[in-house]
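Residue numbering for the sequence shown follows the numbering used here, starting at 54 and increasing by one per position. To start, the structure under review is shown below, and the notes come after it.
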Amino acid sequence: ASDSEALPDFTEKKASKIRWIASSCDENTVRLWDIESGQCFHTLEGHLDSVWAVAFSEDGQLLASSSDDQTVKLWQLQTGTCIKTLTGFESQVCSVAFSPDNKILATGSQEQMVQLWDVVTGQLLRTLRGHKHQVWSFVLSPDEKTLVTGSDDNKVRLWDIKAGRCIKRFSGQIGRASL
54 ASDSEALPDF TEKKASKIRW IASSCDENTV RLWDIESGQC FHTLEGHLDS
104 VWAVAFSEDG QLLASSSDDQ TVKLWQLQTG TCIKTLTGFE SQVCSVAFSP
154 DNKILATGSQ EQMVQLWDVV TGQLLRTLRG HKHQVWSFVL SPDEKTLVTG
204 SDDNKVRLWD IKAGRCIKRF SGQIGRASL
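In structure tokens form, the structure reads like this:
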């Protein structure tokens with residue numbers, strides 16, 4: 054983390070009032086912004102290449118960032134420190150999302166697959182293959198039994214996470230399928 058002052062309490066719940074946002078960019082950083090002032094109050098540094106996507110955990114304690122450097126970083130927001138780096142990707146990681154209970158992190162990459170990771174241990178739990186191009190977006194169901202993915206192959210797929218298989222394909226998109 055590049056800023057030395059204390060970070061705000063990210064665990065504080067305000068009834069559906071967003072107080073801050075995160076953005077990623079080509080300068081290898083993630084910026085945290087205050088909604089009211091419009092000011093950047095903290096910059097997370099550690100990626101070695103462009104940052105493609107960011108996602109907050111549901112409890113507001115963690116932020117995941119994915120990058121062209123073929124890594125995903127998990128940041129502890131109260132301190133602004135990177136607590137875990139997920140590696141083993143062979144190309145840019147395009148998308149990240151936490152499960153509703155914050156136990157699983159989904160990653161999508163140019164490798165045409167989605168990988169599901171244990172947030173606590175950093176271990177790869179499952180790989181879902183089937184798209185023909187990079188996976189840009191996905192949504193985990195609240196019960197964490199299914200996952201919907203969108204890809205540059207113009208397809209949306211519905212997955213049974215436990216079985217690790219695609220249970221339905223939706224075609225007809227023109228261009229990138231996003232959720």
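The beta carbon of each residue, even a glycine, is placed where N, CA and C say it ideally should be.
The Cβ neighbour count for residue 144, taken over all protein chains shown within 10 Å, is under 16; the residue is labelled exposed. Proximity of the region 121-133 to the region 92-100 meets the contact definition, three or more beta-carbon pairs being nearer than 8 Å.
Rounded to whole angstroms, the separation of the alpha carbons of residue 117 and residue 91 is 22 Å. Distances from the alpha-carbon of residue 215 to those of 203, 137, 157, 185 put 157 closest.
With respect to the C-alpha of residue 124, the residue from 162, 182, 204 having the closest C-alpha is 162. The beta carbon of residue 175 lies closer than 7 Å to those of 137, 139 in the same chain, with the five residues before and after it left out.
Cα atoms of residue 171 and residue 88: separation of roughly 31 Å, rounded to the nearest angstrom. An exposed status is given to residue 198, since fewer than 16 other beta-carbon atoms sit within 10 Å of its beta-carbon. For residue 190, the three-state secondary structure derived from DSSP is strand. DSSP places residue 184 outside both helix and strand once states are collapsed to three, so it counts as coil. Assignment of beta-bridge partners to residue 77 by DSSP yields 83. In the structure shown, residue 91 falls within a coil segment according to DSSP collapsed to helix, strand and coil. Per DSSP, the continuous beta strand (DSSP E) segment holding residue 118 begins and ends at 115-120. If you draw a straight line from the Cα of residue 181 to the Cα of residue 217, it comes to about 6 Å. Its Cα nearest to that of residue 148, the residue 121 stands out among 223, 121, 82. DSSP, reduced to helix, strand and coil, places residue 139 within a strand of the structure shown.
About 12 Å separates the CB atoms of residue 105 and residue 76; that is not less than 8 Å, and the two are not in contact.
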